[in-house]
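To start, the structure under review is shown below, and the notes come after it.
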Amino acid sequence: SLSAAFDYKSIVADVGKSASFTCRISGFPLQEVIWLKDGNIITFNKKMVLNADNLRVQISDVSTDDKGIYQCCAKNEIQTVCGSTALILGGRRHTKIFGKNIRNQKCFFADEPPKIIEKFRSVVKTPGDNIKLKCISGGNPLPAFSWFLDENILLSSDKMTIKESIDDSGKVVSELSIASIKTENGGLYKCVATNQGGKDFYWSRINIYGPIGIRSQPSLNVVSGDNAILNCPVFGYPISDLKWEKDGTQLPNEIHQIQMVNDSLVIQNILRTRDSGIYSCFAKGSDGTLVEGNVQLEVLVAPKLSAFSFQDELVQEGSRGRLQCVVVEGDLPLKMQWQKDGKLLPSDLGITVKDIDEFSSILTITTITPRHNGKYTCSASNAAGTASFSTYLAVNVPPRILPFAFQDDQFFKGMRAHIVCAVSQGDLPIKFKWLKDGQEIRPLEMGINIRNYDDHANSLSIESVSSTHTGNYTCIASNEAASVSHIAQLLVYDSFFLGVIAFVIAPKITPFYFPENGLTEGVLARVSCVVYQGDLPIVINWLRNGKIIASDKSIVTKSIDDYSSILTIENIQRQHSGNYTCIAHNSAASISHTTELMVNVPPKIVPFAFQEDHQIEGSLIRVSCVVSRGDLPLTIIWLKDDDKLPETIFVKKVDSYSIVLSIDPVIREHTGNYTCRAQNQAGSATYRAELIVQVVAFCDIYYNIPPKWILEPASQTISNINDAYFHCTATGYPTPAITWMFTKDIKSIRHKLHTNAENEVLSNGTLIIKNVSKDKEGRYICIASNGVGQGLSTTVLLSVLAPPSFNKKDNTLNAEVGERIALICTPNGDTPIKIEWFYNNELIKPSMNRFKIVEDKENSNSTLNIVEVTRKDSNKFECRADNNFGSDSMFFFLNVQEPPEAPVLDLNPNGGNRSIFLSWSKSFDGNSQITHFVVQYKRQVDSWQLKQINETVEGSKSAVKISNLQPATSYTFRVAAVNAIGTSKLSNEVTEATDGDVPTGAVLNIDVEAIDGNTLRITWKAPRKETWNGAIRGYNIGYRVDGSNEPYEFSALEVPEDYTEDLIYQISKLRKYTMYTVVIQAYNDKGVGPLSEQTIVMTSEDVPSISPQGLRCSALSSKSIYVLWDALPTDSVNGILRGYKVLYKPITEWYDSQVQFKNSEKDRITLQNLEVNTNYSVTVLAFTRVGDGVKTNPVYCKTHED
């Protein structure tokens, strides 16, 4: 691209002298160089000569007609660029100012905002005509002009020229010219004059005959509360009607909306919620054509801050301070800033600022000191305005007591005790108070003497201690900030006996010290030498570096009493450094204590100033900051307005004590307060001088300087993802504003660039494009403008060399064994791109039959086909892309999936009598997560097909407890793994038996029968086999009389293992004809099983087992005998008693055949028809169904005689 510039922004020439200036042109191709003066092409002559290369102009015999703005313009088919310089008339001229003749004097003028004093009028033109629009404005500094058509900025081109010049009255004249106009050149033209004092504008419509049309218009930004003027961006003429609408509603429809005569829409007191949005204008041509245009109205809201303050009106020193500044209203982006006392926060006060978010900022003072007193201001600004809020901080310093103590561990009656309460810092006045054991001590009470040394020290002494003085002594120091205290304990013993020999006690000194880190020069230094033990008289002397301190006004020693002395240095200086010794001696001994005083010397800056009260723009400024004293190392820095220096100001270190600030050339923006700050460990010092830079105007001309390139941007070719830097710096007066525009190509719309996450425009004009990519390629235009002349613009190209890259670097693919799969690699980046494939970091070659690579060079992609994937293809595949600018890789992590391999069952499962704990080792999962396991089991004797049981186990587990098994039973187990692809083969089989358990089943088919009156025969079958829970070792047969509460009487019957035949058992020695309950239970090695159901059976009926008792008889007559006996007991009947048999016979008969009997159901009978006077033998027996029981012994009775 082309560039044109002069070596100097202005040239001062005396009338009658010669002047020359050279134009520096760079770039290719260069077709033509044009020279202009005040916007007009120069006609060269003998007085004004152009050299052969068209780059240098020589003016001889300079006159007043030669003053003005000179431009050289370089031109080719693509662009035209111009550089500018000003020719200013210098001395040897007389000028009349305010009625006085002043020779060779410079005049200074205050800022004056622009004022447009000559304007163009609205006209109606025909296509093909020429138009020239002129605006003239005054102001100081001289304003810069900008031109707009329907709010679109206008720049000089082949068909449009914008010229600026300064007329004889010092006003800026700006002219816009368009040759051979077209209908679309019509519209609302606006000229805007701007300087640092403000701006002024004027607009008017230029109508050009032709069909109507609409052009685009940038959005209109208006601050909330202001008025907005909306103009319809229509061209063509005549326009028969124009209407406004918003959201389908015709305007104006509210009182704050006004449609002017020129069809502009004025909206008063703008509110965002009410007025922001898109406004549509509908223009109707004379031929009936209707066009629609849109104007976007953006309402900007200025910041509004919530009030804040420190928590207390008076803040204690050492506390923590915090302020939170919150923007409760206002648009982004916001800039928030803190100030102290109207200046930026000093860097040496330990104040930190943290932005919480876009709307809030916190100022924190970790440890408050008196230096933090002042006014704190938070300001927030955005495009709409600035708001600020201030609060004050007042700091109170509490006292700080130096620690003290009674120095002797043992005080005996009659000894002297003394302590000093000294305050090292704190606001005056400070009040002291002493307490003993919490009670205030009155002066001279208990022989205790309290004495004020000065405003910062107070002592307590006891000339002769006794046991009543034992206790805790508290010193309380108070001021408005706080009360602080310190306690020392005193212990006094009643006796002190060393025999009858009298002696003098040697003195002892309470140790004292200066601060370990030293004291800063200029502060007060004080130490107290207190003798807390020793007999009088005692002499106290002070030494410095081993020499008695001579009378010195700066060092004062003062005896407080016979036991203490104070050394005071009111204003310590470096020469006071050294060792200070207190010597106390009496007739017994001499003792001393020494402490070192170190004096830290803070910096001191020699006052400086800029050479003159007002510096002239363009001159050289140099000022030195010299530190006359202060400890090394020193840190010396320069600040401008309490902030870091701009890049245009240079600093050079001369030595350890001086630093030089240089500005060359100085411009108006350098005006400000310049501070030199020197700092060391002792403190810091600052000195400030104000620099005022004035624009000089000779009394007969005000002048500004058009922009001139200092550093012109150049096209760049840069690699992808790097940052691109375009440096663009121009000088001139006023300081040119640098604006960056971007367009993708020459046909696209330009967009203004702002600082955001992708771009950053620095204050020096440098454009940083962050993390460049292909979409940021294009044309970048740097525009330097200060309103003087046409300004400068340069277009540069950004080409991005894109190495290969991938939108997604890592890819994970799943495939099943045997599946065909294609890996597609499509890199981004500049072509040609070479693509290679790697398998497990090994290059895939054409000889690898399983892989087939298909390349599409036209679209820069490559496909790797795997015909039939196998397990070993579960690996990393890399697509590596290379071009001339770099390389990148995309990775495919292929996960070939298949059913899992069979798990491996552990060979030693374990468990109990009804469960088994089964575990297994996981095998290859088939590259797919195991979803679950299927555990199969059966009894060992059963068939898998008929008796298999399945149990499902979560895939994350590798063990399971199989429950509800039969005891003492062998089971066979196997397991299979299941994933999303399928089920594994079955594992190895493992057989394991459960432990035995007591039988759980009762015996079967119990049958009990009575064999005789004493014996029962029992038969039964074994319990069901599945309830044995182990080998049946035998049976317990229990019996008891039915209805009895007695326990069963058990007899055991052992049986062989696995005996399943019918079982028989007899129980003998039972009661006859008795109901018995019989139960049976099986038992094994683990214990007994359940009792069977009760079987009730009665033993057989039998004859009575005893004879009736109490047999007796008596004769009733000669032929009858009455026989009685006792009834047979029930338990001896052994059945159902059928009755009694009474057997009788005469005793003369010895043959049993002669025996007669009679039956009786009762226990008595009368025998009839007996022989007279005959002695009879009588016996009785009981009988049942079974037979006769035992007979009684006979009794004898004799019938009576007749």
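Residue numbers for the sequence shown follow full-length UniProt numbering, so the first one is 1 and each next one is one higher. A virtual CB, placed ideally from N, CA and C, is assigned to each residue, including glycine. Because the structure is a prediction, the values reported are computed rather than measured.
In terms of alpha-carbon separation, which member of the options lies closest to residue i?
{"i": "Val1008", "options": "Asn1014, Leu290, Ser554 and Val1078", "result": "Val1078"}
{"i": "Ser719", "options": "Asp830, Gly791, Asn764 and Thr729", "result": "Asp830"}
{"i": "Asn950", "options": "Arg56, Trp944, Ser943 and Tyr937", "result": "Tyr937"}
{"i": "Gly1043", "options": "Met1098, Tyr1035, Val998 and Asn1014", "result": "Met1098"}
{"i": "residue 1203", "options": "Ala977, Leu176, Lys947 and Glu901", "result": "Residue coverage of the chain in this structure runs from 1 to 1202, which leaves residue 1203 outside it and unanswerable."}
{"i": "Asp1163", "options": "Val1133, Leu1111, Gly138 and Ser748", "result": "Leu1111"}
{"i": "Asp664", "options": "Ile621, His670, Thr671 and Arg629", "result": "Ile621"}
{"i": "Phe893", "options": "Phe924, Ile178 and Ile821", "result": "Ile821"}
If you draw a straight line from the alpha carbon of residue i to that of residue j, how long is it in whole angstroms?
{"i": "Asp1058", "j": "Val1041", "result": "33 Å"}
{"i": "Gly1189", "j": "Glu1046", "result": "30 Å"}
{"i": "Lys1198", "j": "Ser1105", "result": "30 Å"}
{"i": "Asn458", "j": "Ala609", "result": "48 Å"}
{"i": "Ile572", "j": "Val484", "result": "27 Å"}
{"i": "residue 1229", "j": "Val896", "result": "For residue 1229 there is no data in the structure shown, the boundaries of the chain being 1 and 1202."}
{"i": "Ile583", "j": "Phe512", "result": "13 Å"}
{"i": "Lys1191", "j": "Asp1062", "result": "44 Å"}
{"i": "Leu154", "j": "Leu691", "result": "38 Å"}
{"i": "Gly414", "j": "Tyr563", "result": "15 Å"}
{"i": "Tyr1065", "j": "Trp1020", "result": "9 Å"}
{"i": "Phe496", "j": "Val539", "result": "No answer about Phe496 holds up, because its pLDDT of 49 lies below 50 and its placement is not dependable."}
{"i": "Ser280", "j": "Leu230", "result": "10 Å"}
{"i": "Leu1070", "j": "Gln1081", "result": "21 Å"}
{"i": "Lys106", "j": "Arg677", "result": "Note that Lys106 scores a pLDDT of 39, beneath 50, so its modelled location is shaky; the value from the coordinates is reported in the next line. Approximately 34 Å, taken between the alpha carbons."}
{"i": "Tyr702", "j": "Asn786", "result": "Unreliable placement is indicated for Tyr702, whose pLDDT of 40 sits below 50; no coordinate value is reported for it."}
{"i": "Ala737", "j": "Ala784", "result": "6 Å"}
{"i": "Leu1016", "j": "Glu1093", "result": "17 Å"}
{"i": "Val606", "j": "Val627", "result": "6 Å"}
{"i": "Gly277", "j": "Ile769", "result": "32 Å"}
{"i": "Lys1141", "j": "Ser1068", "result": "30 Å"}
{"i": "Arg371", "j": "Gly342", "result": "15 Å"}
{"i": "Thr870", "j": "Val817", "result": "5 Å"}
With respect to the beta strand (DSSP E) encompassing residue i, which residues constitute its N-terminal and C-terminal limits?
{"i": "Gln936", "result": "His932 to Arg939"}
{"i": "Leu345", "result": "Unbroken run through Leu345: none, as it is neither H nor E."}
{"i": "Phe917", "result": "Ile916 to Ser921"}
{"i": "Asn1084", "result": "Met1075 to Asn1084"}
{"i": "Leu907", "result": "Here Leu907 belongs to no beta strand (DSSP E), and DSSP marks it neither H nor E."}
{"i": "Leu265", "result": "Leu265 to Ile267"}
{"i": "Tyr189", "result": "Gly187 to Asn195"}
{"i": "Thr364", "result": "Ser360 to Ile365"}
{"i": "Met260", "result": "First-last for Met260: undefined, no H or E at that position."}
{"i": "Asn861", "result": "Asn861 to Ile866"}
Based on DSSP bridge pairs, tell me the residues matched to residue i.
{"i": "Asp873", "result": "According to DSSP, Asp873 bridges with nothing at all."}
{"i": "Glu816", "result": "Gln897"}
{"i": "His418", "result": "Ser461"}
{"i": "Gly213", "result": "Phe235"}
{"i": "Asp1062", "result": "The partner list for Asp1062 (beta bridge, DSSP) is empty, contrary to what the question assumes."}
{"i": "Trp709", "result": "Ala730"}
{"i": "Thr766", "result": "Answer is none; Thr766 lacks a bridge partner."}
Kindly indicate the opening and closing residues of the alpha helix (DSSP H) around residue i.
{"i": "Arg1033", "result": "It is not in any alpha helix (DSSP H) - Arg1033 instead sits in the beta strand (DSSP E) that spans Ile1032 to Val1041."}
{"i": "Thr273", "result": "Arg272 to Asp275"}
{"i": "Gln31", "result": "Unbroken run through Gln31: none, as it is neither H nor E."}
{"i": "Lys809", "result": "No alpha helix (DSSP H) holds Lys809; DSSP gives it neither H nor E."}
{"i": "Trp944", "result": "Trp944 to Lys947"}
At what residue ranges does the segment 1093-1181 contain a whole run of the beta strand (DSSP E), taking only runs of 3 or more?
1095-1098, 1112-1115, 1121-1124, 1139-1146, 1156-1160 and 1164-1167
Report the residue ranges of all beta strand (DSSP E) runs contained in full by the segment 438-519; include only those spanning at least 3 residues, in chain order.
448-454, 457-462, 471-478, 483-490 and 508-510
Would you mind listing the beta strand (DSSP E) stretches within the segment 523-568 that are 3+ residues and don't spill past its ends, in chain order?
525-533, 539-544 and 555-561
Start-end ranges of the alpha helix (DSSP H) lying completely within the segment 647-699, minimum 4 residues
none
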